[in-house]
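A.B. asks: Residue 231, in the numbering used here, is where the sequence shown stops; the numbers in between run on with no holes. One structure, pasted below without further comment.
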Amino acid sequence: MVSVKARPYDFMLKPGKTALVVIDMQRDFIEPGGFGDALGNDVSRLSAIIPDTAALIALFRERGWPIVHTREAHRTDLSDCPPSKIRRGNAAIKIGEEGPMGRLLVTGEPGNQIVPDLAPHTGEIVIDKPGKGMFWATGLHEKLRGAGITHLVFAGVTTEVCVQTSMREANDRGYECLLIEEATESYFPEFKASTIEMIVAQGGIVGWVASLDDLRAALEEAEATA
Numbered sequence: 006m007v008s009v010k011a012r013p014y015d016f017m018l019k020p021g022k023t024a025l026v027v028i029d030m031q032r033d034f035i036e037p038g039g040f041g042d043a044l045g046n047d048v049s050r051l052s053a054i055i056p057d058t059a060a061l062i063a064l065f066r067e068r069g070w071p072i073v074h075t076r077e078a079h080r081t082d083l084s085d086c087p088p089s090k091i092r093r094g095n096a097a098i099k100i101g102e103e104g105p106m107g108r109l110l111v112t113g114e115p116g117n118q119i120v121p122d123l124a125p126h127t128g129e130i131v132i133d134k135p136g137k138g139m140f141w142a143t144g145l146h147e148k149l150r151g152a153g154i155t156h157l158v159f160a161g162v163t164t165e166v167c168v169q170t171s172m173r174e175a176n177d178r179g180y181e182c183l184l185i186e187e188a189t190e191s192y193f194p195e196f197k198a199s200t201i202e203m204i205v206a207q208g209g210i211v212g213w214v215a216s217l218d219d220l221r222a223a224l225e226e227a228e229a230t231a
């Protein structure tokens, strides 16, 4: 076990049983012209975490540990997208409509792809999820259990929506969950801060939160003393 300095107390990471989950780092949320931009958000807040997220991914790739990438994505006929989801809000362009990077949140469209700097490597798991959480209608739980995964490290966007939903779902399924603070972001800084406090409240009711530096230091120290 590797002890990682974290809140509310040290997280015990289990090599060989730990996967990284990178939530929805796709062009639709991070680049101008995508769904996030259509909702009137400042997408530069999300693009700012790309370097730290890339560094986190590199930590796992260097060790040959499993990595899961998710995309919020719907079928081309939108049959897996509830009409209420399409109607909600006053976005300039709605889900399934044509934007500067193709149809918003639709599988296979340019905007639905993960940003190039974080593109999945061959052999890494890529999940298209129709909901906010990573388990709904994806088969991911079965894949992780089949690989013997018990611990999950989280990154991605947005902190209070798809990241938190996925962490809560994972917690309910018995996974031990750690969120890396520099590798997650929200369009609203106060939402990120509040979500982190909710995660670590009451002795880690949802999970743990740590810095990228503390995770890196813990792994390097454990390997140096092995």
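Glycine is no exception: its CB is placed at the ideal position from the N, C-alpha and C atoms. All of these numbers come straight from a predicted model, not from anything done at the bench.
Look up F159 in the DSSP assignment and say whether it is helix, strand or coil.
C.D. replies: Correct three-state label for F159: strand.
A.B. asks: Measure the CB-CB distance between R93 and Y192 and report whether it falls below 9 Å.
C.D. replies: no
A.B. asks: What whole-angstrom Cβ distance do I98 and C86 have, given they're in contact under 8 Å?
C.D. replies: About 14 Å; that fails the 8 Å criterion.
A.B. asks: Would you say S162 and L184 are within 9 Å of each other, going by their C-beta atoms?
C.D. replies: The displayed chain sequence assigns Val, not Ser, to residue 162. V162 places its beta carbon 9 Å or farther from that of L184.
A.B. asks: Tell me the residue span of the beta strand (DSSP E) that contains V26.
C.D. replies: Residue range 23 to 28 is occupied by the beta strand (DSSP E) that includes V26.
A.B. asks: Would you decide whether P37 is buried or exposed? Buried here means 16 or more other CB atoms lie within 10 Å of its CB.
C.D. replies: exposed
A.B. asks: I need the straight-line Cα distance from R150 to K22, nearest angstrom please.
C.D. replies: 10 Å
A.B. asks: Can you give me the Cβ contacts of E114 inside the same chain, cut-off strictly under 6 Å, excluding the 5 residues immediately before and after it?
C.D. replies: If we look at E114 and ignore the five residues flanking it on each side, its Cβ neighbours are G107, R108.
A.B. asks: Across which residues does DSSP place A124 in a beta bridge pair?
C.D. replies: Partner(s): none; A124 has no beta bridge.
A.B. asks: Could you give the first and the last residue of the continuous beta strand (DSSP E) run that contains F16?
C.D. replies: 16 to 18
A.B. asks: Say whether the segment 70 to 83 touches the segment 24 to 31, bearing in mind that this needs 3 or more beta-carbon pairs closer than 8 Å, one atom from each stretch.
C.D. replies: With the cut-off at 8 Å, the segment 70 to 83 and the segment 24 to 31 touch.
A.B. asks: Find out if the Cβ-Cβ distance for the pair T127, V168 is shorter than 9 Å.
C.D. replies: Not a contact, by the Cβ cut-off of 9 Å.
A.B. asks: For A78, which option in I55, A43, I119 has the closest C-alpha, if you only look at C-alpha atoms?
C.D. replies: I119
A.B. asks: Return the CA-CA distance between E174 and P105, expressed in angstroms with no decimal places.
C.D. replies: 33 Å
A.B. asks: The alpha helix (DSSP H) spanning H146 covers which residue range?
C.D. replies: 145 to 151
A.B. asks: Just list the alpha helix (DSSP H) runs in the segment 54 to 133, keeping only unbroken ones of 4 residues or longer that don't cross its boundaries, in chain order.
C.D. replies: 55 to 68, 88 to 92
A.B. asks: Going by DSSP in three states, I35 sits in which element: helix, strand or coil?
C.D. replies: helix
A.B. asks: Considering only residues of the same chain and omitting the five flanking positions on each side of P125, which have a CB-CB separation below 8 Å?
C.D. replies: I72, H74, I119, V131
A.B. asks: Which same chain residues, not among the five before or five after H156, have their C-beta less than 7 Å away from its C-beta?
C.D. replies: L18, K19, K22, T23, Y180, E181
A.B. asks: How would you write the range of the alpha helix (DSSP H) that S171 sits in, first residue to last?
C.D. replies: 169 to 177 is the span of the alpha helix (DSSP H), which, as asked, contains S171.
A.B. asks: Assuming contact is defined by CB atoms lying nearer than 9 Å, are D177 and K10 in contact in what I supplied?
C.D. replies: no
A.B. asks: The beta strand (DSSP E) that contains E181, what's its start and end?
C.D. replies: Note, E181: beta strand (DSSP E), 181 to 190.
A.B. asks: Helix, strand or coil: how does DSSP classify S8 here?
C.D. replies: strand
A.B. asks: Looking at C-alpha atoms only, which residue of G144, P13, S52 is the closest neighbour of D187?
C.D. replies: First, the amino acid is wrong: residue 187 is Glu here, not Asp. The residue with the shortest Cα to Cα distance from E187 is S52.
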